[in-house]
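Peer 1: Below: one structure in C-alpha cells.
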Amino acid sequence: MTPLQGDDRYSRQVLFPGIGPQGQKRLAAAHVAVVGCGATGSAIASLLARAGVGRLRIVDRDYVEPSNLQRQSLFDESDAAESLPKAIAAARKIAAFNSSIVVEPHVADLTPENIEELLARIELVLDGTDNFETRYLINDFAVKNSLPWIYTAAVASYCVTLNILPGKTACLCCIFPDPPRGAVETCETSGILNSAVNLAASLASTEAVKQLVGAEDRMRRTLSSFDVWRNERAEVAAERPRPGCRACGERNFVHLAGEGRPHITLCGRNSVQIHERHRPLNLAEMAERLKPHGPVRHNDFVLKFWHEPYEITLFPDGRAIIKGTTDTVIARSLYARYVGS
Ligand SMILES: [Zn+2]
C-alpha cells in the first residue's frame, strides 16, 4: 500500500482558518496522553489521531468486553472475543486508519507510583477515565507540573467537561473540593447513551486541538454540562482559580502522595482488583496449570479463568481482577489458591 500524502490526508482540516498549515504542523509535533480508553477515551483518541496529533500515549488497564461495543468506537467484535487490552486494541485500530502518527499503548492503571513515568514528556492530558480517584490524581500531577488537562465524563444521557489550564483557570479541585462520596452513578448502574459519550469527546477534542495549535484564548472557561435526552445544558464559571483551593492554592497534593494501594474495589463493577506487581506471570504456563480446574483462555496480554461464579483475569505483571465479588477476602483467597500467596 502506498503511504498517503500528508497534504491529502489533512487538506480539509488545513483549509479551516483556525488551524491552517502552521496549526497542522503543531499538531504533528504534539505529544498527548489519553488516560482511560473506554467510551470517551476511545472517541477522543480516534478524533485526535484522525486530526493528526503526532504522538498519542494511551493508558488503560482494561480489556475489551462485548458490553463495550455499544459505545467504545475503537473496538470491534474480534477484540472482545480475544479479550484484548483496550490500549493495544486502540493502537492497532488507529494504525489501520492513520499509520503516519505514533501511538504508545500502556496496559496499566495510572497510579501515584507510575504517573511521573506514564505522563513524562506529555504536553496535554485528556481524561477518558471512569473514576474520581484517577481524575484527582491527574489534577494533582497537572497542577504541580503546570500541565494542561481536560476533564470529561459521561453517564446515562449526561456529559460534562472542563478545561484545566493550571495557574490560569480553576482546577478540578477548585470546583469539586472533594471526590464524591457514597454511591456514584456509573454506566453500570444508570446505563449510557453513546451520543452523550461522543458529545463529550467532540467538545474535549476540539478544546485539545485549540490548545495544541496555540489558540488557548479560544478555549472555554466554564464547566460545561449537557443532557442530550432532556436537552438541558448548564455552565459553571471556571475562569479563575478558587482562593484557598487545596490543590492549586495550597499546593497540597494529597492524591499524588497516596501510598501504594494493595487492592482497590472497582466501584459498581462487582469486582476486586489485586495489585501484585512484584510477581510477573507467564500466562502460557499459568494457562496449562489452570486447565484442570476450569475453562481458561489467554493471549500475550491477558488470561481469563472461570471458576463459577467468579471470573479471574490475570495480567503479565501479576495484577488480577476477580469478577463476581466485592469481598476482598474472597478475592485474596482465590488469588492465593490459583496464582500463589
Ligand atoms: Zn484549584
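The sequence shown begins at 11 in this note's numbering and counts up by one. Glycine included, C-beta positions come from ideal geometry on N, C-alpha and C. This structure is a prediction, so every number in the text was calculated from the model and none was measured.
1) Within 10 Å of its beta-carbon, does Val44 have 16 or more other beta-carbons around it, so buried, or fewer, so exposed?
2) Leaving out five residues before and five after Arg19 in sequence, what residues of the same chain have Cβ atoms less than 8 Å from its Cβ?
3) Mapping the DSSP letters down to three states, classify Arg299 as helix, strand or coil.
4) Is it buried or exposed, Leu25, if we count other Cβ atoms within 10 angstroms and call 16 or more buried?
5) Just to confirm, does Arg252 get its C-beta within under 8 Å of one of the non-hydrogen atoms of ligand 1?
6) Does DSSP put His273 in a helix, in a strand, or in coil?
7) Within the present structure, is the beta-carbon of Ala180 separated from the nearest heavy atom of ligand 1 by less than 8 Å?
8) Are the CB atoms of Leu266 and Leu352 within a distance shorter than 9 Å?
9) Put Lys96 into one of helix, strand or coil per three-state DSSP.
10) Measuring CA to CA, which of Gly64, Tyr73 and Pro158 is closest to Glu217?
11) Output yes or no for whether 9 Å exceeds the beta carbon distance between Ala59 and Val113.
12) Is it true that the CB of Ile68 sits closer than 9 Å to the CB of Thr162?
13) In angstroms, rounded to a whole number, what distance separates the CA positions of Gly51 and Val42?
14) Let me check you understand the geometry: is the CB of Ala257 closer than 8 Å to at least one non-hydrogen atom of ligand 1?
15) Mind reading off the beta-carbon distance from Ser156 to Gly177? Whole number of angstroms is fine, and I expect it under 8 Å.
16) Report the option in Tyr146, Asn78, Ser212 and Asp327 whose CA atom is closest to the CA atom of Val268.
17) Beta carbon of Val153: closer than 8 Å to some heavy atom of ligand 1?
18) Please determine if the stretch 85 to 105 and the stretch 124 to 132 are in contact, where contact requires at least 3 C-beta pairs separated by less than 8 Å.
19) Beta carbon of Ala206, beta carbon of Cys255: below 9 Å?
20) Give me whichever residues DSSP pairs with Ser235 in a beta bridge.
21) Between which two residues does the beta strand (DSSP E) containing Ala164 stretch?
22) Report the three-state DSSP secondary structure of Ala206 (helix, strand or coil).
23) If we define contact as Cβ-Cβ less than 9 Å, is Ala164 a contact residue for chain D?
24) Please go through the same chain and pick out, in chain order, the residues whose beta-carbon is closer than 6 Å to the beta-carbon of Asp119, but skip the five residues on each side of it.
25) According to the neighbour-count rule (16 or more other Cβ atoms, all chains shown, within 10 Å of its Cβ), is Ser21 buried or exposed?
26) Considering just the uninterrupted stretch of the alpha helix (DSSP H) at Glu127, what are its terminal residues?
27) Ligand 1 and Cys183: does the residue's C-beta get closer than 8 Å to at least one heavy atom of that ligand?
28) Return helix, strand or coil for Tyr320, following the three-state DSSP convention.
29) Taking the straight line between their C-alpha atoms, what separation do you get for Thr336 and Gln283?
30) Can you give the beta carbon distance from Leu182 to Arg36, rounded, assuming they're within the 8 Å contact cut?
31) Do you know whose CA, among Ser281, Asn280 and Phe315, lies nearest Met296's CA?
Peer 2: In short, the structure shows the following:
1) Reading the sequence shown from its first residue, position 34 is the one you call residue 44. It is buried - the Cβ of Val44 has at least 16 other Cβ atoms within 10 Å.
2) Start at 1 with the first residue of the sequence shown, and residue 19 comes out as number 9. Within the same chain, Arg19 has close Cβ partners Gly62, Asn108 and Ser110.
3) Working through the sequence shown from its first residue, we reach residue 299 at position 289. It is helical.
4) On the sequence shown, residue 25 is found 15 positions in, with the first residue counted as 1. By the neighbour-count rule (16 or more Cβ atoms within 10 Å), Leu25 is not buried but exposed.
5) Sequence index remark: in the sequence shown, residue 252 carries index 242 (1-based). For ligand 1, at least one heavy atom lies less than 8 Å from the Cβ of Arg252.
6) As a first step, residue 273 is located in the sequence shown; it is residue number 263 there, counting from the start. Because the pLDDT of His273 is 42, which lies under 50, any placement of that residue in the model is unreliable, and the number read from its coordinates should be weighed accordingly. Residue state, collapsed to three classes: strand.
7) In the sequence shown, the residue the question calls residue 180 occupies position 170. Correct: Ala180 has its Cβ closer than 8 Å to ligand 1.
8) The first residue shown for the chain is 11 and the last is 351, placing residue 352 beyond what the model contains.
9) Here residue 96 refers to the residue found at position 86 when the sequence shown is read from its first residue. If DSSP states are grouped into helix, strand and coil, Lys96 belongs with the helices.
10) As a working note, residue 217 is residue 207 in the sequence shown. Checking every option, the nearest Cα to that of Glu217 belongs to Pro158.
11) As a working mapping, residue 59 is identified with position 49 in the sequence shown. As a working mapping, residue 113 is identified with position 103 in the sequence shown. Closer than 9 Å, so yes.
12) The sequence position of residue 162 within the sequence shown is 152, counting from 1. The sequence position of residue 68 within the sequence shown is 58, counting from 1. No, the pair does not count as a contact, with Cβ atoms beyond the cut-off.
13) Position 41 of the sequence shown, counting from 1, holds the residue named residue 51. Position 32 of the sequence shown, counting from 1, holds the residue named residue 42. Distance between the alpha carbons of Gly51 and Val42 is about 12 Å.
14) Locating residue 257 in the sequence shown gives position 247, where the first residue counts as 1. Yes, Cβ of Ala257 sits closer than 8 Å to a heavy atom of ligand 1.
15) Numbered from its first residue, the sequence shown carries residue 156 at position 146. Numbered from its first residue, the sequence shown carries residue 177 at position 167. That pair is a contact at about 6 Å.
16) Within the sequence shown, residue 268 is the residue found at index 258, counting from 1. Residue identity check: residue 268 is Gly in the sequence provided, not Val. Cα-wise, what sits closest to Gly268 is Tyr146.
17) Here residue 153 refers to the residue found at position 143 of the sequence shown. Yes.
18) no
19) On the sequence shown, position 196 is the one that residue 206 refers to. On the sequence shown, position 245 is the one that residue 255 refers to. Not in contact: Ala206 and Cys255 (Cβ atoms no closer than 9 Å).
20) Stepping through the sequence shown from its first residue, residue 235 is reached at position 225. Per DSSP, Val170 and Ala244.
21) Residue mapping note: residue 164 aligns to position 154 of the sequence shown, counting from 1. Taken as a continuous stretch (DSSP letters only), the beta strand (DSSP E) holding Ala164 covers Trp159 to Val165.
22) Here residue 206 refers to the residue found at position 196 of the sequence shown. Reduced to three states, the DSSP call for Ala206 is helix.
23) This model lacks chain D altogether; it includes just one protein chain.
24) By 1-based counting over the sequence shown, the position of residue 119 is 109. These residues qualify, in order along the chain: Arg71.
25) Within the sequence shown, residue 21 is the residue found at index 11, counting from 1. The residue is exposed, with fewer than 16 neighbouring Cβ atoms inside 10 Å.
26) By one-based count along the sequence shown, residue 127 stands at place 117. Unbroken alpha helix (DSSP H) run through Glu127: Ile125 to Leu128.
27) The residue you call residue 183 lines up with position 173 of the sequence shown. The answer is yes for Cys183.
28) For the purposes of this step, residue 320 is taken as residue 310 along the sequence shown, with counting starting at 1. If DSSP states are grouped into helix, strand and coil, Tyr320 belongs with the strands.
29) Here residue 336 refers to the residue found at position 326 when the sequence shown is read from its first residue. Here residue 283 refers to the residue found at position 273 when the sequence shown is read from its first residue. Thr336 and Gln283: Cα-Cα distance of roughly 9 Å.
30) Mapped onto the sequence shown, residue 182 falls at position 172. Mapped onto the sequence shown, residue 36 falls at position 26. The pair is not a contact, with the Cβ atoms about 26 Å apart (cut-off 8 Å).
31) Against the sequence shown, residue 296 aligns to sequence position 286. When each option's Cα is compared against that of Met296, the closest is Phe315.
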